[in-house]
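Below is one structure; the comments refer to it alone.
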Amino acid sequence: MAASGLNVIALISGGKDSFYSLLHCIQNGHRIVALANLHPPLRDAPTGDSQDEMDLNSFMYQTVGHEVIPLYAEATGIPLYRQAIDGGATRHERDYAYDAAEQSVDETESMLTLLRDVQEKHPEANALCSGAILSTYQRTRVESVAARLSLTPLAYLWKYTALPPPGTAPADEAQLLLDMAAAGLEARIIKVASAGLEESHLWECVSSEAGSGRVKWALRKFGAGDGASLGEGGEFETLVLDGPGCLFKRSIIVPERGRRVVREGGGSTWILTRGAHLQDKDDSNMGSTVNVRIPNLFDSRFAQVFENLTARPDEASVPAVQGSEIKPLSRLSFSNNNEPELFTWSFISDNAFDSSMIAEETTEVVGKLEEALASNGLDAAHLTTVIIVLRSMSDFLTINHGYGSLFKLPNPASRVTISCGNLLPEGRNIMLYATAPPASKTLIRDGLHVQSRSYWAPANIGPYSQAIDIPITSNHAALGPRSVYIAGQIALVPNSMRLPTPSGTSLVEQITLSLQHLWRIGTHMKVQQWTSAVAYFDKAASDEDMRRKAQLAGRAWRMMHAEPVEKEDEAALDPWDLKYNTQYMSLASNESSKPRPLPAWDVFSTRQQNEPETCAPPLFVVEVAELPRGAAVEWHAHIGLSGLPQTSTQLVAHTESQLDGWRSWSTCVRVEGGIFVHTLLANVGRFGAKLSLSAIVAEAQIKYRESIRLLGAESLDVASQAPYLMYQYWATVRNYTQSFDLDGRWEEGILFPPQLSTMSSNEAASPAPDAAPESGTISATPSNTTRGRLRQRRQSKSERISEILEVGFFNRFGEKNARGRADEMGTDPAIIRRHSSFGRKTQFADDEADETTGIVSRGSSHNYQAVNPQEGVDAATAPSASGTRSIYSLRSRTAAAPSAASEGDDEETRTGGEDREKPWWKQQLGKYQSIELENKGSVARDHLALVLSLTVTAERTFLAWLRTSLAFASIGIAVTQLFRLNTSLGDGQNTPDRTKDTLRRLGRPLGATFLGISILILLLGFKRYFHSQEWILKGKFPASRGTIVLVSLVGLAIMVASLVVVVVIHPTEG
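Sequence positions in the sequence shown follow full-length UniProt numbering and run 1 to 1070.
Below, the structure is given as structure tokens:
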């Protein structure tokens, strides 16, 4: 839906990006009222150089080719305003903040004076357009000037490389150049300043398929970074000479003799133009329409979510997974830190205010926040996230002004705003919750605050950022991972900043679009996993309507956490080309520049990766009175986690049977120096009498202690920790609206946003009136009783392999690894379920799977088989929770197994009867059948690759034994024949008969000995091969010792005997 037209001042540099962004302004219904350009100042040039032969090389502005800029006014018919750049780049920080007290003038401020002059001549101007794509440095400076001039910033190319490509085309960073070519924009390279780009690339038409391809391959050789093929890092600069008829009425011509190459040195070369002039265009190219591609609203993944929810709106949500018995905090020693790692505050006015005095009430609440910050040596720049609860959303603009006065620097705290209507306490119209880390000079706070309209995500024009991230700390020392706080996301169409057009699918469209906003921002901030999330919905028409909304949100959340489908890259180059073909060789690292997926599955332990249903963080759905701008849904992720090492994370769930009517979800991240644990509790049991807020908090603290105990940290004292945020169903609280703060809970920094209803997104949206997240960082080290140890981060494949073959007996979470479990396995000679061409395979209910790999080991010491745990096993004997997926299994080609009830009665018949029915020779051959391994999922493929690799190694080892055996056999035959030949030749000579007899006697036994050794080696290799198979399936690969020693001793004996024969016993010359 197009926004109401804006009157735009277009910043132009002569380059492709500024003009293509200008075309998007026209496509979106805006009117270009003026062009604005900053050019290099006139100054004295060094002796021998002309003024024009010096490029300013500004950090902010393109200045090469500025001599052509005056022609754009006549070429486009749009007024052009120019001004010289004053000053240089004195402020080098990424996020620009204007400081009026600073004496030196940054070059950014030249834009302010230029635009003020334009506004005087065009008072109708209310927007500013720029061509920023990936440069936060450039975008924040334009936004700073626009904000001070009350202009709406437009950056339609922002994050263009992250937007969906057209149709089924593969993702390509150079797609922007192809889109420019399709729009009719002619942009030529006028400067190169990067390894890979040479003087021959100058005047290349980069806005063409051939030109963009040549530039991309040239830069690829030297491992250029993101945006390099677009010139975002200054790799090259362009000059636009022509465009579509709706913008360019005439084209610009630069004659060949007027293009002079200037070589600055250091790889920088550019063209000085002379004699540029205008040329009339063919009338057939003077159309008024704009052929500019607007990217699709949804990415491919979210388009699938939208289609799925639209096609099956009433499909039930996936049931919640069962509780876990994993104890990731066991076998650790803990040291408590009494100082908070994160301050949390909640504020409400002390006095009652009428709704008409919301400004005064906001001032009082904001003043409380300032006092709390100051008392801890902080200011508003330290805030990470703020939640604002209003009585009426109509007060939003008023409180925005008072709240916004807090922030003087870039990247204010992220924010979530909801309205709970008359559920707020009487006389209170605003509640505020805030968090901030303790003051530190070493910990770096980062943020994302995009105020420009684009196609990527909604602009944050108000005093809040899209995201703030801070390091996770233990004893105020950074551990490595970071926590990301993202603002609440509603379904604004980014380029128009309006909600989608009402239709029959509006609800599904808003759910999907707002979730996509959350995902795009999270991906930009390198979030790898969410701890938990809530979807706020406006007041529903009925309970059934609310349940339907909860189901839709839950399904969308589940689909985005579904197991990824890995696709083979058909267009991938052959490894030989990458290594030896000069056309494709590159100095780039092997790691892909593509953003990491969200969620990142490799952060979970291998066991949990193989159970994808256990990796989805919890989602709750909350019904409120109103949301900003009348939106239907607002997504709020509590914490996003980034910087997680591979296999460092576990998500552990406990059910109401374990917590007596409550559930918990704990995200545990273990890194060097500590463990971060974020826990979300939910009361899903039955409720009796209404409780006060104090009683509810006390009960939540008890359940939190119990959940920590279930995680294995019995010795950890968490009695002083309270939930920092509680979503409370108003009907379960005694005297809710009359005495909301009666218990003094505000001093503890707990926010109680009152809810019309709170539901879990699973199990048909079952009620969950109380939901309380808690988090903390635990300083923990392995205890003396634990033989496990933390190790340095390794490559992905090595990390995954370590889950099976990790040094020691415990993995990083204190669980027994494959080696530890294998040592506990017995050699129970139970009958094996086999896959054989000689007979049917049998299945047994007592097969128990390895808890990490899913392998079931059964059989004699000569043969171990990989099988699945039997479905339908009683819960008491099942090795893991329902839904567990085995990595290795035998594919069944028979009918379904009998029920568990009948299995017990037929156990003896099944286990012994079928084998007794087989002839003895079939039973013996069955021991040497092939093992079939089933491949399930990406993690299973890694495990399977490991097993197959080890299996191939075993087979190659057997072939080595076979070759050695054949070698000894050949030596034996050769020795025997040579000794016979030697004595036969000696019959015609004067050789004593005694010597001949000695040689004949030695030849046969010596040759027979070699042949016997060859047979022995073959038998040892045969035994060794099946012995290796047995240990591979246990998760171990034994190194040869006894066999190597035995063969070495036998070989040594043979060599000594041969030496004696050669040296001591020999024919005597006559």
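Think of the CB as a built atom: it goes at the ideal place given N, C-alpha and C, for glycine as much as any other residue. It should be emphasised that the depicted structure is a prediction, and the values quoted were computed from it without experimental measurement.
What does DSSP give as the partner residue(s) for residue i in the beta ladder?
i       : result
Thr-473 : Ala-478
Trp-530 : Gly-640
Ala-434 : Trp-345 and Val-386
Lys-549 : DSSP output for Lys-549 lists no bridge partner at all.
Ile-9   : Ala-34 and Leu-128
Ser-208 : DSSP lists no partner for Ser-208.
Pro-153 : Leu-128
Ser-251 : Gln-279
Ile-26  : Its beta-bridge partners do not exist; DSSP assigns none.
State yes or no: is the C-beta of residue i nearer than 7 Å to some heavy atom of the ligand ADP?
i       : result
Thr-501 : Within the structure as shown, the ligand ADP is missing, as the structure has no ligands at all.
What residues in its chain sit with their C-beta under 6 Å from that of residue i, if we drop five residues either side in the sequence?
i       : result
Gly-196 : Ala-218, Leu-219, Lys-221 and Phe-222
Ala-146 : Leu-128 and Pro-153
Thr-385 : Ala-413, Ser-414, Thr-435 and Tyr-485
Val-8   : Cys-25, His-30, Ile-32, Ala-127 and Cys-129
Pro-618 : Ser-532, Trp-665 and Leu-680
In angstroms with no decimal places, state the Cα-to-Cα distance between residue i and residue j.
i        : j        : result
Glu-120  : Leu-149  : 12 Å
Thr-363  : Ser-692  : 29 Å
Ala-162  : Gly-480  : 26 Å
Gly-488  : Leu-518  : 8 Å
Ser-380  : Gly-15   : According to the sequence as given, residue 380 is Ala; it is not Ser. C-alpha separation (whole angstroms): 39 Å.
Arg-91   : Asp-106  : 6 Å
Val-192  : Val-64   : 11 Å
His-401  : Leu-390  : 15 Å
Ser-452  : Gly-184  : 25 Å
Val-215  : Met-525  : 29 Å
Thr-398  : Glu-361  : 11 Å
Val-1050 : Ile-1013 : 8 Å
Ala-303  : Gly-167  : 12 Å
Ala-700  : Ala-562  : 31 Å
Ile-85   : Thr-108  : 9 Å
Pro-295  : Leu-406  : 37 Å
Ala-89   : Val-261  : 27 Å
Leu-38   : Arg-82   : 6 Å
Pro-597  : Pro-70   : 46 Å
Ser-251  : His-201  : 22 Å
His-66   : Leu-178  : 25 Å
For residue i, collect the residues of the same chain with a Cβ closer than 7 Å to its Cβ; drop the 5 residues on either side in sequence, then sort them by chain order.
i        : result
Asp-172  : Pro-165
His-277  : Ile-253
Ile-1017 : Trp-961, Thr-964, Ser-965, Phe-968 and Val-1047
Glu-706  : Leu-659
Ile-973  : Gly-1007
My understanding is that residue i touches residue j, with C-beta atoms under 8 Å, so please give their C-beta distance in whole angstroms.
i            : j       : result
Phe-1010     : Phe-968 : 5 Å
residue 1152 : Glu-235 : The displayed coordinates of the chain run from 1 to 1070. Any statement about residue 1152 would go beyond what the structure contains.
Pro-599      : Gln-646 : Actually they are not in contact, since the Cβ atoms of Pro-599 and Gln-646 sit about 13 Å apart, beyond 8 Å.
Leu-157      : Ser-21  : 5 Å
Ala-491      : Ala-631 : 6 Å
Pro-494      : His-449 : Going by Cβ atoms, the distance from Pro-494 to His-449 rounds to 15 Å, so no, they are not a contact pair.
Pro-628      : Thr-417 : 6 Å
Val-684      : Gly-661 : 7 Å
residue 1133 : Val-68  : The requested residue 1133 does not occur in the structure, where the chain is confined to residues 1 to 1070.
Beta-carbon within less than 8 Å of residue i's beta-carbon, same chain only, minus the 5 sequence neighbours each way: which residues are those?
i       : result
Gly-77  : Lys-249
Asp-226 : Leu-134, Thr-161, Glu-173, Glu-232 and Ser-593
Glu-955 : Tyr-1025
Is it a yes or a no for the segment 503-517 touching the segment 605-612, going by three-plus beta-carbon pairs under 8 Å?
no
Per the contact definition of three or more C-beta pairs closer than 8 Å, is the segment 413-429 in contact with the segment 102-122?
no
Give a yes or no on contact between the segment 610-626 and the segment 500-509, applying the rule of three or more CB pairs nearer than 8 Å.
no
Just checking, does the segment 452-468 make contact with the segment 359-376 on the three C-beta pairs under 8 Å criterion?
no
So, does the segment 618-628 touch the segment 535-550, judging by three or more C-beta pairs under 8 Å?
yes
Decide yes or no for the touch test of the segment 24-36 against the segment 132-141: beta carbon pairs closer than 8 Å, at least 3 of them.
The segment 24-36, when compared against the segment 132-141, does not touch it at the 8 Å Cβ threshold.
Mind the definition here: the segment 436-453 touches the segment 652-668 only if three or more C-beta pairs lie below 8 Å; say whether that holds.
The segment 436-453, when compared against the segment 652-668, does not touch it at the 8 Å Cβ threshold.
Do three or more CB pairs link the segment 715-725 to the segment 322-342 at distances below 8 Å?
yes
Three or more C-beta pairs below 8 Å linking the segment 711-721 and the segment 321-333
yes
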